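I have placed the structure first, in the form of structure tokens, so that the comments after it can refer back to it.
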Amino acid sequence: MSRKEAILNLREVLIKRRDALRRVLAGDLSSLKELRDQSSGDVVDAALDSVHDEISSQLAEVESQELARTETALERMREGHYGVCENCGTNIPMARLQALPYAVYCIKCQRDAEREGSTTNADADWSRLLDTPSHERDASISDMELDVS
Numbered sequence: 843m844s845r846k847e848a849i850l851n852l853r854e855v856l857i858k859r860r861d862a863l864r865r866v867l868a869g870d871l872s873s874l875k876e877l878r879d880q881s882s883g884d885v886v887d888a889a890l891d892s893v894h895d896e897i898s899s900q901l902a903e904v905e906s907q908e909l910a911r912t913e914t915a916l917e918r919m920r921e922g923h924y925g926v927c928e929n930c931g932t933n934i935p936m937a938r939l940q941a942l943p944y945a946v947y948c949i950k951c952q953r954d955a956e957r958e959g960s961t962t963n964a965d966a967d968w969s970r971l972l973d974t975p976s977h978e979r980d981a982s983i984s985d986m987e988l989d990v991s
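Here our numbering = 1-based position in the sequence shown + 842.
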């Protein structure tokens, strides 16, 4: 199979993924609205609803970012730039594109960007995952409590 044929196959994959993400996000957003409109029974129900809302919101954010990357990849296809590293200009190997169809860097440039701390996901704020101040973030698994009831 030629590179051009493989890219056309990836186009179909990207379109299907884009459409699936749009459906999921539309469902997630409508279910979040429904959950907010419902009144909770007690404090425990309210806490569980809040946790569920937060998890759903974070998942929707991840899916939204993937949708944006997918749409960017489709735009790059339309412009004829798909499969070319944005940094060095070499062709991104098909194995990488099949594994990550919205990749914009070859593996070498991606590694370099990650080492330098500047990736396409540079706007991600991973510190929000923790509720503790930055000076208190060292924790071990033994520090965590699990409620299995």
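We treat Cβ as the ideally placed atom computed from N, Cα and C, and that holds for glycine.
Bear in mind that the values here come from a model prediction, so they are computed numbers and not experimental data.
Smallest Cα separation from residue i: which of the options?
i, options, result
"Asn851", "Glu921, Pro943, Ser898 and Val904", "Pro943"
"Lys858", "Ile897, Leu916 and Gly869", "Leu916"
"Ser844", "Tyr947, Met936 and Cys948", "Met936"
"Lys846", "Arg957, Met919, Cys930 and Arg938", "Met919"
"Arg938", "Asn929, Cys930 and Lys950", "Lys950"
"Cys930", "Cys948, Asp891 and Gly922", "Cys948"
Since I believe residue j is in contact with residue i (beta carbons under 8 Å), could you give me their beta-carbon distance rounded to a whole number of angstroms?
i, j, result
"Ala902", "Leu856", "Not a contact, Cβ separation roughly 20 Å."
"Gly820", "Ile849", "Residue coverage of the chain in this structure runs from 843 to 991, which leaves residue 820 outside it and unanswerable."
Near residue i, what residues of its chain come up, given a Cβ to Cβ distance below 8 Å and the 5 sequence neighbours on each side ignored?
i, result
"Glu913", "Arg860"
"Glu905", "Leu863, Val866, Leu867 and Asp870"
"Asn963", "With a pLDDT of 48 at Asn963, under the threshold of 50, the modelled position of that residue is not reliable, and the figure given next carries that caveat. If we look at Asn963 and ignore the five residues flanking it on each side, its Cβ neighbours are Gln907."
According to DSSP, is residue i helix, strand or coil?
i, result
"Val926", "strand"
Below 6 Å CB to CB, which residues in the same chain sit around residue i once its five sequence neighbours on both sides are set aside?
i, result
"Glu854", "none"
Can you give me the Cβ contacts of residue i inside the same chain, cut-off strictly under 7 Å, excluding the 5 residues immediately before and after it?
i, result
"Arg911", "Tyr944"
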